[in-house]
Structure formats: structure tokens, C-alpha cells
Amino acid sequence: MARTPFIAGNWKLNLTVSEGVALAKGLVGALKPGVEVAVCPTFLALYPVAQAVAGSALGVGGQNCYWEEKGAFTGEASASFLKDAGAKYVILGHSERRQYFGETDATINKRLKAVLAQGLVPILCIGETLAERDGGLLQQVLKTQIEGSLAGFTAAQLETLVVAYEPVWAIGTGRTASSAQAQEAHAFVRSVLRGVVGDLADRVRIQYGGSVKADNAKELLSQPDIDGALVGGASLKLADFSAIIAAA
Ligand code: 13P
């Protein structure tokens, strides 16, 4: 099953508006046919970045969103506001949100509903901690996260779903999963997806995330169930991220 490779940069809390606009403009020249590419700036930089690359194939995404559309929810941004600002994608359930901001599968499920209602593409993040992996809980953790986040949705509703497998121990540590470890986890994720969304599982792109760099991207992306990358640190520099796009 041919799945279009999808490379996304998660800028996290990095890059000012002017830095982000400059990087995004540069990335337009690094795009290549047959590879979907997006950047996920801070909420502040999202609109100016989207404006700067409007008309190009570079997509823009949010790093999170709230489930209510608007109202008295100080500090939040909703899916409809992200869409209005130019977003096409929204990252959901990143491990940093789970770890520092109390995100759970139940709250991710509510956010997912809002994202899909706006016609935005969700990038659902899942992944185990090192203690969970060492404790033999890898499969149980991934299964719980997938089934909890996707509970109550039909396959038809999840047509655009993208999943990002990001082992927590590989994020920002320079310690990437081996391509064999990543492939094994991705194949398992796809098998769990098959139980939830049936044959759609063959079309769901599963990105790998966690210390993806120019020098390991090709090997990771050549695995049969690795359909792209969610890139943190190496998405912040034009040369590094361009090289990852080139490897896809
Ligand atoms: P790093 O590429 O910096 O390890 O971050 C990965 C990540 O968390 C992407 O969402």
C-alpha cells in the first residue's frame, strides 16, 4: 500500500515570529514532489508563517488545541481559530503535553473531536517511556493510548488520521530508536489500528518521532511501516530539515 510520506516539524516553544517566517520561506524551496511537508509553529507564529507560505505546498499546523470553540477559556486556542489562521494540521497528545500539562487519552479524544469537526488533519502522538519499555509494557501502553484517543469515532471520521509514534526516551535525547525497534512498534501500531478502523489502517500514515536527524532519516524512513517523521530539534534549522525532506 503506497502511502504519501509525511514529514512534519514540531517547533515546540522555539522560533520567534520573524525566525519562523524566515525558516518557513526557506523551506518552500526544499519541498519535493511526492512528499508532504508541514511545520507546526507556536500559536503566535502560526498565522504569519501561514501567510508567508500561502500558495505553496508547505502545510502549517498547530501544536495543540482546545476542545471548545470559543468562550471564557483563558489561554486556550481552538481548532476553528487555528483553521482560520491557516492551519491544516493539529498535533494532539504530544508526550510533553501528557507529561507537563496533564493531557490524557480522554482529553485527547475531546480535542480530536474538535479537530475533525473543523476538517483539520490530526497528528495523534503516542509513545512509551523508558520505564514502560523496560517493564515490558510497550504494547499495552500503545494499545491503551490508541484505543483511548480514538474511542467513539468511526473509520469514516478518521479518514485523514496521522499517527506519530514517539518513544518518550528518544525525544530530545539524541538517542533514537533503532530502525528495527521503530519498525516493530509501527507494525504493532498498525495492527492495533486495524482493530479500531479496519482496512483504513493500511492508509493511515504513521510517523516516527524522536531524535530524527539528517543522518538517520533515510534508514528510518526506508522501513515498511514508517511513513514519515515528526521532527523536533532538527526541524529548527533550514539545512537540517531540508536534508530530512530530501531523505524521504
Ligand atoms: P526531537 O526530534 O527533538 O527528539 O523531538 C521529537 C518530537 O518530540 C517531535 O514531536
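Taking this note's numbering, I'd label the letters of the sequence shown as residues 52 to 299.
From the three backbone atoms N, C-alpha and C, an ideal C-beta is built for every residue, glycine too.
These numbers were taken from a predicted model, which means no experiment stands behind them.
Asked: Taking the DSSP output, what are the residues bridged to P218?; Found: Answer by DSSP bridge pairing: none, since P218 is not bridged.
Asked: For S129, does the three-state DSSP call read helix, strand or coil?; Found: strand
Asked: Tell me, please, whether the segment 197 to 216 touches the segment 243 to 251 by the rule of three or more beta-carbon pairs shorter than 8 Å.; Found: yes
Asked: Go ahead and pull the three-state DSSP assignment for R254.; Found: coil
Asked: Please report how far the alpha carbon of Q114 lies from the alpha carbon of G284, in whole angstroms.; Found: 15 Å
Asked: Measure the Cβ-Cβ separation of V240 and I222 and say whether it is below 8 Å.; Found: no
Asked: Starting from V240, trace the alpha helix (DSSP H) in both directions and tell me its first and last residue.; Found: S230 to V248
Asked: Taking just the CA atoms, how far does F152 sit from L189?; Found: 22 Å
Asked: Tell me which same chain residues have a C-beta within less than 8 Å of the C-beta of K139, skipping the five on either side of it?; Found: A89, G110, V111, G112, L171 and V172
Asked: Going by DSSP in three states, L189 sits in which element: helix, strand or coil?; Found: helix
Asked: Do T227 and G261 have their C-beta atoms closer together than 8 Å?; Found: yes
Asked: Regarding N65 and the ligand 13P, is the C-beta to nearest heavy atom distance less than 7 Å?; Found: no
Asked: Given a threshold of 16 other Cβ atoms within 10 Å of its Cβ, counted over all protein chains shown, does K63 qualify as buried or as exposed?; Found: buried
Asked: Between which two residues does the beta strand (DSSP E) harbouring V141 extend?; Found: Y140 to L143
Asked: Please state the DSSP three-state secondary structure of I277.; Found: coil
Asked: Can you tell me where the beta strand (DSSP E) holding G113 begins and where it ends?; Found: G110 to G113
Asked: Return the CA-CA distance between A130 and A123, expressed in angstroms with no decimal places.; Found: 15 Å
Asked: Looking at the ligand 13P, does it come within less than 7 Å of F270, judged from the CB to the closest heavy atom?; Found: The sequence shown places Glu at residue 270, not Phe. Because no heavy atom of the ligand 13P lies under 7 Å away, the Cβ of E270 does not count as near it: no.
Asked: Less than 8 Å separating the beta-carbons of A298 and K269?; Found: yes
Asked: Hey, how far is the Cα of K83 from the Cα of V282?; Found: 17 Å
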